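Undergrad:
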Amino acid sequence: MPQLRGKFSFLVGTGIVPGRFKAASRCPENGVPEFRSLVDLASDAALAVDSNSQVVAWNKRAGSLLGYTSEQTVGRPCYDVLQAILPSGEPLCTPECEGKLCFAHRSPFAVRACSLRHKDGRWLQASISTLIAPALNRDCAGPATVAVVLLRPKKEVVADALTDPQLRVYTFGRFGLSVGDRSMPVDRWHRKHALTLLKLLITHRGEMVHREHVIECLWPDANEVRGRERLKVTTYFLRQQLHAIGLSDNVIAVGNAAFSLRRDAVWLDCEAFETFFNEGRLLVHRGRIEDALVYFEKAERIYKGDYLPEERYSDWCAEERERLRELYFDMLDHMVDGYVECGDHGRAAQVCRRALTREPCREGFHRALMLCLARLGQRDRLIAHYDRCRRVLQAELGVAPTPETERLFQELSAAGKSAGAVQSQR
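Just so we're aligned, residue 1 is where the sequence shown starts under my numbering, counting upward by one.
(1) Count the other CB atoms, across all protein chains shown, that sit within 10 Å of the CB of A411; report buried if there are 16 or more and exposed otherwise.
(2) Taking DSSP's pairing of strands, which residues face P91 in a bridge?
(3) State the DSSP-derived secondary structure class of H210, mapped to helix, strand or coil.
(4) Note down, one range per segment and in chain order, each alpha helix (DSSP H) of at least 4 residues found wholly within the stretch 200-264.
(5) Spatial neighbours of E271 within its chain, please: CB distance less than 8 Å, with the 5 preceding and 5 following residues excluded, ordered by chain position.
(6) Where do the ends of the alpha helix (DSSP H) carrying C270 lie?
(7) Let me know the secondary structure DSSP gives L308 once reduced to three states.
(8) Which of the three DSSP states is assigned to D380 in this structure?
(9) Label N30 either buried or exposed according to how many other C-beta atoms from any shown protein chain fall within 10 Å of its C-beta, with 16 as the threshold for buried.
(10) Hey, is the stretch 189-196 in contact with the stretch 232-244, meaning 3+ C-beta pairs nearer than 8 Å?
(11) By the 10 Å Cβ neighbour count, where 16 or more other Cβ atoms means buried, how is R367 classified, buried or exposed?
(12) Report yes if the C-beta distance between A110 and R152 is below 7 Å; otherwise report no.
(13) Mapping the DSSP letters down to three states, classify D120 as helix, strand or coil.
(14) Rounded to whole angstroms, what is the Cα-Cα separation between R61 and A46?
(15) Among all the DSSP beta bridges, which residues are the ones paired with M477?
(16) Going by Cα to Cα distance, which pick from Q394, R353 and H385 is closest to F409?
(17) For my contact list, S183 and S115 are in at a C-beta cut-off of 8 Å; report their separation, rounded to the angstrom.
(18) Buried or exposed: where does N52 fall if 16 or more other Cβ atoms within 10 Å of its Cβ makes it buried?
(19) Spell out the partners DSSP gives V169 in its beta bridges.
(20) I'd like to check one pair, A42 with A48: are the Cβ atoms closer than 7 Å?
(21) Buried or exposed: G346, going by 16 or more other Cβ atoms within 10 Å of its Cβ?
(22) Whole angstroms is fine: what's the gap from R211's alpha carbon to L373's?
(23) Alpha carbons only, please: which of C317, G246, I245 and A348 is nearest the one belonging to F296?
(24) Please report how far the alpha carbon of P309 lies from the alpha carbon of L382, in whole angstroms.
(25) In the DSSP output, which residue or residues are listed as bridge partners for T145?
(26) Could you check the C-alpha separation between G227 and Y328 for me, to the nearest Å?
(27) Can you pull the DSSP bridge partners for R152?
(28) Going by DSSP, what residue range makes up the beta strand (DSSP E) through V56?
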């Protein structure tokens with residue numbers, strides 16, 4: 001096969017013939033190449049996703065692999081269809097997963113090994129790779145198709161004996177449990193309150209949670225006798241499920257009519273996130289900026305989305321979710337400052353964009369990004385971003401940028417214009 005160059009270089013290794021793509025893939029309205037046509041032409045199981053993480057195309061090979069028809073997947077969030085988890089049991093597909101962030105910045109995303117959820121509940125081992133849509137595809141009407149996701153099944157591998165008996169709990173982006181290299185299919189538990197009990201104890205980690213409070217959170221309408229009966233059955237079921245995956249010790253401690261999580265038997269992603277963040281912050285205070293950035297980057301990799309997002313309507317975890325979310329943005333703020341101090345304005349700008357992808361109305365990150373663009377000499381992008389900032393604030397909050405943001409933009413724009421005039425006179 002001849003070497004591909006230019007706009008078709010991204011097709012290498014997909015089994016897609018450029019000529020067929022060119023002939024068959026046009027937006028009907030404006031003649032722009034329609035990237036989602038690659039799904040039908042791919043030799044692998046494939047799907048296309050748009051900028052809202054919605055599935056916009058699904059080929060027959062993907063249907064054979066996961067059991068869904070195109071009609072059952074198109075229009076659904078890709079993370080809801082794939083439900084992928086890493087070998088450790090850590091959720092891979094979440095509303096704010098790494099893949100979505102990569103797509104937003106037109107960066108490729110790949111995973112060598114993960115498990116995908118079949119329609120019938122089975123877990124299938126696979127690898128994931130992606131093709132990023134060319135920029136010209138973004139001109140089509142409606143949400144732009146941003147990537148084609150290729151799924152390649154792998155042979156089943158018999159799990160080795162457990163080497164790490166500790167329960168690993170993933171709370172960010174999508175809830176998950178694992179022990180060693182075995183994940184727990186928690187969404188198949190028939191007693192959902194057992195999962196809620198575990199989440200409640202995780203939220204109150206380090207504390208004894210009184211029985212009455214547990215009953216109030218899980219069964220607010222139950223009387224005392226009925227509530228205690230349900231709690232007893234639920235606790236027994238939870239312990240049985242944990243024991244079934246290889247935990248020899250009880251993760252749940254009970255005493256004096258109260259419950260708690262045994263901290264020595266559990267690894268929590270939310271605790272690891274805070275540990276890395278606090279280590280980084282301590283290093284900042286000591287003036288070791290580059291070392292601090294290493295810890296901040298580790299913490300950012302752990303934070304895959306909001307804390308327990310599936311419990312968004314539960315009052316008992318709302319405060320903890322908001323606290324961790326604010327810590328996350330505080331950490332990103334430290335990262336921006338750190339990269340700027342190290343003179344790496346490009347990476348500082350990337351952090352700003354990631355922050356704004358999760359929370360578009362954080363005006364401080366808009367200002368920081370404008371500063372970075374100015375120092376990178378990208379005046380056109382600076383102007384474009386200010387316009388985007390103005391439109392986002394108006395659309396989301398019905399407000400204009402603050403005077404501080406307006407003043408900064410005027411100063412940076414004027415400085416860039418003066419620098420450009422000086423450069424043109426040379």
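No residue lacks a Cβ here, since even glycine has one placed at the ideal position from N, Cα and C.
Keep in mind the model is a prediction, meaning the values are calculated, not measured.
TA: According to the structure shown:
(1) To locate residue 411, count along the sequence shown from 1; it is residue 411. According to the sequence provided, residue 411 is Glu. The question's Ala does not apply to it. Under this definition E411 is an exposed residue.
(2) If you number the sequence shown from 1, residue 91 lands on position 91. I85.
(3) The residue you call residue 210 lines up with position 210 of the sequence shown. It is a strand residue.
(4) Whole alpha helix (DSSP H) segments, 4+ residues: 211-218 and 224-244.
(5) The sequence position of residue 271 within the sequence shown is 271, counting from 1. So the list reads R205, once near-sequence residues are dropped.
(6) As a first step, residue 270 is located in the sequence shown; it is residue number 270 there, counting from the start. Taken as a continuous stretch (DSSP letters only), the alpha helix (DSSP H) holding C270 covers D269 to H285.
(7) For this step, residue 308 is matched to residue 308 along the sequence shown. Of the three classes helix, strand and coil, the one that applies to L308 here is coil, per DSSP.
(8) In the sequence shown, counting from the first residue as 1, residue 380 sits at position 380. Looking at D380 - three-state DSSP - the assignment turns out to be helix.
(9) For the purposes of this step, residue 30 is taken as residue 30 along the sequence shown, with counting starting at 1. Confidence at N30 is low in this model, with a pLDDT of 36, below 50, so its placement is unreliable and the value that follows should be read with caution. Answer is exposed; the Cβ neighbour count stays below 16.
(10) Enough Cβ pairs lie closer than 8 Å, so yes.
(11) Position 367 of the sequence shown, counted from the start, is the residue given in the question as residue 367. By the neighbour-count definition (other C-beta atoms within 10 Å, threshold 16), R367 is a buried residue.
(12) Along the sequence shown, one-based indexing puts residue 110 at 110. Along the sequence shown, one-based indexing puts residue 152 at 152. No, the Cβ-Cβ distance between A110 and R152 is not below 7 Å.
(13) In the sequence shown, the residue the question calls residue 120 occupies position 120. It is coil, neither helix nor strand.
(14) Working through the sequence shown from its first residue, we reach residue 61 at position 61. Working through the sequence shown from its first residue, we reach residue 46 at position 46. Between the alpha carbons of R61 and A46 lies a gap of roughly 7 Å.
(15) The question about residue 477 has no answer, for the chain in this structure spans 1 to 426.
(16) Position 409 of the sequence shown, counting from 1, holds the residue named residue 409. The residue with the shortest Cα to Cα distance from F409 is H385.
(17) Looking up residue 183 in the sequence shown gives position 183. Looking up residue 115 in the sequence shown gives position 115. Indeed they touch by this definition, with Cβ atoms about 7 Å apart.
(18) On the sequence shown, position 52 is the one that residue 52 refers to. With fewer than 16 Cβ atoms within 10 Å of its Cβ, N52 is classed as exposed.
(19) For the purposes of this step, residue 169 is identified with residue 169 of the sequence shown, where counting begins at 1. Beta bridge pairing from DSSP links V169 with L177 and L268.
(20) By 1-based counting over the sequence shown, the position of residue 48 is 48. By 1-based counting over the sequence shown, the position of residue 42 is 42. No, the Cβ-Cβ distance between A48 and A42 is not below 7 Å.
(21) Here residue 346 refers to the residue found at position 346 when the sequence shown is read from its first residue. When all chains shown are included, G346 counts as exposed.
(22) One-based indexing of the sequence shown puts residue 211 at position 211. One-based indexing of the sequence shown puts residue 373 at position 373. Cα to Cα, the separation comes out at about 55 Å.
(23) On the sequence shown, position 296 is the one that residue 296 refers to. Checking every option, the nearest Cα to that of F296 belongs to A348.
(24) Position 309 of the sequence shown holds residue 309. Position 382 of the sequence shown holds residue 382. Whole-angstrom Cα-Cα distance: 34 Å.
(25) The residue labelled residue 145 in the question sits at position 145 within the sequence shown. T145 pairs with D50.
(26) One-based indexing of the sequence shown puts residue 227 at position 227. One-based indexing of the sequence shown puts residue 328 at position 328. Their backbone Cα atoms lie some 37 Å apart in a straight line.
(27) As a working mapping, residue 152 is identified with position 152 in the sequence shown. Beta-bridge partners assigned by DSSP to R152: S127.
(28) On the sequence shown, residue 56 is found 56 positions in, with the first residue counted as 1. Taken as a continuous stretch (DSSP letters only), the beta strand (DSSP E) holding V56 covers V55 to W58.
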